Amino acid sequence: MVLNSSTNDGLSTPINTGGTTDKAIGFTLPTGSDYNLDSITLRLQNYSTTAGDVARLRIYEDVNKTSTNPNGATLQSLLFNNPSSSSNTINDFIFTPTSTFTLKADTRYWLRVSATSGNYNWLGNNPPTTPTGIAVVESYQVSSNNGSSYSSSTNLNILDIQATPIPFDFDPSFGVAVLGGGWLLRKHLKKKQSTKV
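Following this line, the structure appears as structure tokens:
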């Protein structure tokens, strides 16, 4: 689990094709393992694909970890499968990547949520609760001009980012070198012991 929020649905952010259009969350992964992104779950209200609501999720990457919003990071060529809905009721909606995407260790990412059609609400907690997980949340940012500029937001929207650690890639040549070095060390010690006798 990269990030996960508790849920009380006390606040919401309108996401639409005009007005408050974009909301973003920045998070930084720790050093160590890379992760393959599995899914992103958002808690939404008034999200009905049969009524024409189309959510858009985008990922931005910042290897230098200096960005304060998505505009300071690089947009990644990643698309998501959008869940369908025929109701406006509050629910958890799971978005899955259409291709393998790696979240790199010691790297900052921005998840940007917007709408290409219609409108819906992205639920938040009241009192605000910071998501927890292996990543550190940098901030929530909101834009009312289609992402041209952002300002800090205290509405910490509910999400769940799931990812799978990528196993350490064992290098056989390194292993042979270590084994060979151990064999030479044992041979040297054995020779020293026989010389003492």
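Quick note: the sequence shown uses this note's numbering, first residue -17, plus one each step.
The beta-carbon is built from N, C-alpha and C at its ideal position, and this holds for glycine as well.
In this text, all values refer to a predicted model and were calculated from it rather than measured experimentally.
In the structure shown, A55 adopts coil according to DSSP, grouped into three states.
Under the 8 Å Cβ criterion, the stretch 64 to 73 does not count as touching the stretch 47 to 55, having fewer than three qualifying pairs. The Cβ atoms of P149 and D88 do not sit closer than 9 Å to each other. DSSP places A6 within a strand segment (E or B) once states are collapsed to three. The DSSP-derived three-state label of T31 is helix. With fewer than 16 other Cβ atoms inside 10 Å of its own Cβ, T80 counts as exposed. Across the set F83, L138, Q123, A37, the C-alpha of A37 shows the shortest separation from the C-alpha of S99. Around T(-11), the same chain offers I140 as residues with beta carbons nearer than 6 Å, after the five sequence neighbours per side are excluded. Between S30 and Y102, the CB-CB gap stays under 9 Å. The secondary-structure analysis by DSSP pairs A145 across a beta bridge with L19.
For the pair A6 and T78, the Cα-to-Cα distance works out to about 18 Å. Straight through space, the alpha carbons of G14 and Y91 are spaced by roughly 16 Å. T3 is a Cβ neighbour of G129, given a cutoff of 9 Å. Counting along the chain, N64 sits inside no beta strand (DSSP E), nor does DSSP assign it H or E at all. With contacts defined by Cβ atoms closer than 9 Å, R40 and R94 form a contacting pair. Secondary structure at A117: coil, using DSSP grouped into helix, strand and coil. Distance from the Cα of L19 is smallest, within the candidate group T82, T112, P109, for T82. Inclusion of L85 and V(-16) in the CB contact set at 9 Å is warranted, their separation being smaller than that value. CA-to-CA, the gap between D(-9) and V118 works out to about 22 Å.
In this structure, DSSP gives V(-16) a state outside helix and strand, which the three-state scheme calls coil.
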